[in-house]
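Let me begin by presenting the structure, written as structure tokens, before commenting on it.
In the numbering used here, the protein residues as written are 14 to 306.
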């Protein structure tokens with residue numbers, strides 16, 4: 014049974030994890046500014062998966078049974094979605110402000126809802142469609158803030174959100190199996206490392222020392238962030254933890270402002286607010302559904 018103290022600890026773990034993922038995206042945005050050859054987002058994604066895999070390995074070695082699974086096909090499908098989301102987001106943050114990319118990323122639950130409806134045959138309540146509509150309106154505002162020019166970076170971030178939404182459904186699919194949460198995360202990173210290596214092979218380049226340092230930092234940030242989320246899930250329920258992820262928008266805005274001198278126009282701020290409102294509506298509808306069940 015979850016207590017207030019365990020909920021508080023779980024929330025703190027999510028705040029730490031969200032910070033690490035925001036720092037990861039900040040490093041990904043900074044990477045093209047470092048002297049050295051061009052590093053493809055696919056190569057960045059490969060390094061991110063590889064380092065995360067190495068960091069997570071001890072968590073499954075503690076219990077060897079977590080190294081076994083009978084659902085390799087499901088992991089592959091989930092990994093394709095996850096890899097696409099990560100690589101596209103790494104590309105998006107180099108094109109638009111961190112806060113904008115993060116806000117668009119918050120639309121991923123909307124696409125997860127659509128995929129769950131189509132693939133898992135889940136029932137979607139009317140208010141969730143209201144939340145989805147509000148969130149998508151916010152995303153459209155960010156994609157086309159002045160009503161005339163469509164932002165390429167925002168479109169890439171939207172595509173990343175679609176892939177991340179598919180990944181959420183993939184995780185839910187895997188959660189219905191007997192595999193432990195640590196097993197799911199470990200094998201997802203293992204599959205991701207192999208798949209990213211295959212895709213990045215044609216564009217691999219030898220990074221400079223400075224670039225290598227940034228790449229390692231990206232991988233470590235991702236790994237630490239995942240460990241934080243694992244710890245959070247052990248302490249509190251997902252419905253309680255969900256709102257804490259919204260702090261990512263604040264983290265990204267602060268990093269963008271102080272590191273990259275980014276400011277957001279009023280239209281973009283309104284779009285971010287609409288996305289958060291839509292996500293909040295969906296969160297409370299989900300919580301009410303859980304309470305009724």
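Backbone N, C-alpha and C fix where the C-beta goes; we use that ideal spot for every residue, glycine too.
- By the CB criterion at 9 Å, residue 115 and residue 205 fall outside the cutoff.
- Residue 284 sits close to residue 155, with the two beta carbons spaced by under 9 Å.
- The C-beta of residue 201 has 16 or more other C-beta atoms within 10 Å across all chains shown, which makes the residue buried.
- Taking 8 Å as the upper bound for CB-CB distance, residue 94 and residue 183 are in contact here, some 5 Å apart.
- In the three-state reduction of the DSSP assignment, residue 81 falls in the coil class.
- Contact check for residue 231 against residue 51 fails: the beta carbons are separated by 9 Å or more.
- The DSSP assignment places 165-188 and 194-213 as complete runs of the alpha helix (DSSP H) inside the segment 150-235, in order along the chain (cut-off: 4 residues).
- In this structure, the CA atom of residue 237 is about 8 Å from the CA atom of residue 65.
- Annotation for residue 56: the continuous alpha helix (DSSP H) segment containing it runs 54-74.
- Counting along the chain, residue 259 sits inside no alpha helix (DSSP H), nor does DSSP assign it H or E at all.
- When 63, 286 and 275 are compared, the shortest CA-CA separation from residue 111 is found for 275.
- If the five residues before and after residue 241 are omitted, its C-beta is found closer than 6 Å to the C-beta atoms of 26, 29 and 30, all from its own chain and listed in chain order.
- Cβ neighbours of residue 290 within its own chain (closer than 6 Å, five residues either side excluded): 147.
- Setting aside the 5 residues that flank it on each side, residue 84 is surrounded in the same chain by 187, 190 and 192, each with a C-beta closer than 8 Å to its C-beta; the list follows chain order.
- Per DSSP, the continuous alpha helix (DSSP H) segment holding residue 132 begins and ends at 121-132.
- Residue 80 places its beta carbon less than 9 Å from that of residue 74.
- In this structure, residue 127 sits away from residue 295, with a CB-CB distance that is not shorter than 9 Å.
- Within the model, the alpha-carbon separation for residue 225 versus residue 38 is close to 16 Å.
- Cα atoms of residue 179 and residue 121: separation of roughly 8 Å, rounded to the nearest angstrom.
- In the three-state reduction of the DSSP assignment, residue 138 falls in the coil class, being assigned neither a helical nor a strand state.
- Pairing residue 288 with residue 176 gives a Cβ-Cβ distance that is not under 9 Å.
- With respect to the 9 Å criterion, residue 106 and residue 229 are not classified as neighbours on the basis of their beta carbons.
- At a Cβ-Cβ threshold of 9 Å, residue 199 and residue 43 do not count as neighbours.
- Exposure of residue 165 is indicated by the presence of fewer than 16 other C-beta atoms within 10 angstroms of its C-beta.
- In this structure, residue 265 lies away from residue 49, with their beta-carbon atoms at least 9 Å apart.
- Residue 109 sits in coil when the DSSP states are folded into three classes, being neither helix nor strand.
- Considering only 142, 34 and 104, the residue with the shortest C-alpha distance to residue 258 is 34.
- Just measuring C-alpha positions, the residue of 292, 89, 19 and 113 sitting nearest residue 267 is 113.
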